[in-house]
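Following: one structure in structure tokens, then a few remarks.
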Amino acid sequence: AGDLDGDLSVAQLRYPVGINATQDGSLFYVSDLGPAGRGRLRRIYLTPTGAPVLAPGNAGLSLSPNPFRAMTSVRYALRRNGPTDLAVYDTAGRLVRRLADAPGVAGEHVVTWDGRDDSGRPTAAGVYHLRLSADGRTEGRRVVRLR
């Protein structure tokens, strides 16, 4: 048990404690109890054969740093190909900057926001709202711009 080669869907583990993945999904860590109840940690390397499959509960939208001064990186994950809209709004709900508005490809994506609006003007320090609409759902995050 735990040593079976092949598709992960057929691997069998004795008393699994947990299965975790790296953020890009390329490496899985599997905790398993070995002989005499001692813990073992196994690494399983995967080679993608199709569209990435994201684990349920994966955060679909995150940003760093937050708060930010000059630039923040926005990470989002799409479970499947489809329309994607990623935009920044002010506290009154007005569009400040559209970061993505195109058919998205399943997987992990990173875009940056340089704190400018759609006209290229620097935005004021304050609170903004980031909204991602994709995969039939909408997710939002608050972002703080510092001076």
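Per our numbering, residue 64 is the first one in the sequence shown, and the count goes up by one each step. Heads up, the beta-carbon is just placed ideally off N, CA and C, and yes, glycines get one too. All values reported here derive from a predicted model rather than from experimental measurement.
Query	Result
Exposure label - GLY183; buried when at least 16 CB within 10 Å	exposed
Enclosing beta strand (DSSP E) for VAL174 [first to last residue]	170-176
Cα-Cα separation, THR135 to LEU126	7 Å
Touch test, the segment 164-172 against the segment 184-193, Cβ-Cβ under 8 Å, three pairs minimum	no
Burial state of ASP198 (16 or more Cβ within 10 Å)	buried
Enclosing beta strand (DSSP E) for LEU193 [first to last residue]	189-197
Classification of LEU209 by the beta-carbon crowding that lies within 10 angstroms, buried from 16 upward	exposed
Collapsed DSSP secondary structure at LEU209 in the structure displayed	coil
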